[in-house]
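J.: In the working numbering, the protein residues as written are 48 to 158.
First, the structure itself, so that you have it in front of you.
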């Protein structure tokens, strides 16, 4: 069974709350209700450095940077330059997280 974890981007504070911070504070309900917070769910997959891949992450994959992870129609995808692939079909163990869409939007502009 896949781990259910979240992290949360606070638009107001410009800060990414990690799962442990949310879980320890018991504040997930508060974050869900806050319109200035964007929740990002863990995909259940890890990159080559064993880092958890979350929705909104930006990956480097097969010599190309700027792959954005997104969730649509019940599935996770990665997209770059107008091309998208079902994330479960991608060998994420050879990818590397290089940022996320909130803290590093310039990585998407480079694609």
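We put the CB at the ideal spot given by N, CA and C, even for glycine.
Model, not experiment: these values are computed from the prediction.
#1: Taking Cβ positions, are residue 145 and residue 85 nearer each other than 8 Å?
#2: Measuring CA to CA, which of 117, 152, 100 and 153 is closest to residue 141?
#3: Is any heavy atom of the ligand MG found at a distance shorter than 7 Å from the C-beta of residue 153?
#4: Decide if residue 123 is buried, meaning its Cβ has at least 16 other Cβ atoms within 10 Å, or exposed.
#5: Who are the near neighbours of residue 155 in its chain, counting only those whose CB is closer than 8 Å to its CB and skipping five residues on each side?
#6: Could you say which of 53, 57 and 83 lies nearest to residue 66 if we only look at CA atoms?
#7: Extract the residue ranges of the beta strand (DSSP E) inside the stretch 65-143, only unbroken runs of 3 or more that lie entirely within it.
#8: Can you tell which of 55, 56, 80 and 93 has the C-alpha that lies nearest to the C-alpha of residue 138?
#9: Beta-carbon within less than 7 Å of residue 134's beta-carbon, same chain only, minus the 5 sequence neighbours each way: which residues are those?
#10: Enumerate in chain order the residues of its own chain whose CB-to-CB distance from residue 102 is below 6 Å, with the five nearest sequence positions on each side excluded.
T.: The short version:
#1: Not in contact: residue 145 and residue 85 (Cβ atoms no closer than 8 Å).
#2: 100
#3: The ligand MG is not part of this structure, which contains no ligands at all.
#4: buried
#5: Around residue 155: 105, 113, 115 and 148.
#6: 53
#7: List check, beta strand (DSSP E) in window: 84-93, 99-101, 104-108, 111-119, 122-127 and 130-133.
#8: 93
#9: 90, 92, 116, 123, 124 and 125
#10: Beyond the five residues adjoining it in sequence on each side, residue 102 comes within less than 6 Å, by CB distance, of 87, 88, 116 and 118 in the same chain, given in chain order.
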